[in-house]
Amino acid sequence: MCPSTRTLTLTPGGATSNFKPAFEVLDADRDGKISYDDLSTFCSGFLSSPADADQDIVGMMISVADLDRDGFVEYDEFEHVLEAAQRGAKSSGRVGGGVMEEVFRMMDKDGDGRLSHGDLRSYMEWAGLEASDEDIKAMIRLGDGDEKNGVSFDGLLKILAVDNILL
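Here this note's numbering is used: the first residue of the sequence shown is 49, the next is one more, and so on.
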């Protein structure tokens, strides 16, 4: 189970569009929008040092998702980016580029193209979310991964989309 008290919101066909938990993790100052500073803080938590949080990459990530060009990423814009990434991965049969792929690469500390148990544990600790080993194993299963190989980018999108599921 993902560590949360929220419930799963399913749309017709079994897909989910509830990316709120992921959005809330990125919205560090809890003002309802992801700012440059919010995203920079997130990125620095996954790179070897804060200096590695390249300003150009963070700025690019914001500009890709900031559809109304107000300098912030509101929830509907964030949801749009995640849904587009899911559609792109499904239609092309491969991982597409974009904001979420950059987030995935930051979380993938060893750069092997998969999020391992350790990668997810590190993310959960950084985000201040409590998760037992069983919770992380459940996340990996939810992302169609396994304990040995972890989860792919598409698997991460599945994990982020599901806030809470009863297994």
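Glycine included, each C-beta is placed from N, C-alpha and C at the ideal position.
Could you tell me the distance, in whole angstroms, from the CA atom of residue i to the CA atom of residue j?
i	j	result
Ile227	Arg169	No answer is possible for residue 227: it lies beyond the span of the chain, which begins at 49 and ends at 215.
Asp158	Ser200	13 Å
Asp167	Gly193	13 Å
Ser180	Lys196	17 Å
Asp156	Asp118	30 Å
Glu182	Ile188	10 Å
Gly80	Leu163	28 Å
Ser111	Glu178	31 Å
Asn66	Leu74	15 Å
Tyr216	Asp77	Limits of the chain in this structure are 49 at one end and 215 at the other, which puts residue 216 out of reach.
Ala132	Asp86	22 Å
Gln103	Met154	14 Å
Gly161	Trp174	20 Å
Ala113	Ala186	29 Å
Determine the DSSP secondary structure at residue i, reduced to helix, strand or coil.
i	result
Asp194	strand
Glu178	coil
Lys157	coil
Leu163	strand
Asn66	coil
When the distance is taken between beta carbons, is residue j closer than 8 Å to residue i?
i	j	result
Ser83	Phe120	yes
Tyr123	Lys206	no
Phe71	Phe152	no
His165	Gly198	yes
Leu190	Leu130	no
For residue i, tell me which candidate among the options has the shortest Cα-Cα distance.
i	options	result
Met109	Asp124, Asp160, Ser88, Val73	Ser88
Leu115	Gln103, Leu177, Met172, His128	His128
Phe218	Ala186, Gly176, Ala132, Asn66	Past the edges of the chain, shown from 49 to 215, lies residue 218, and the structure says nothing about it.
Ile105	Gly161, Met172, Met148, Glu173	Met148
Glu150	Gly107, Asp85, Arg78	Gly107
* To do: Note down, one range per segment and in chain order, each beta strand (DSSP E) of at least 3 residues found wholly within the segment 70 to 132.
  => none
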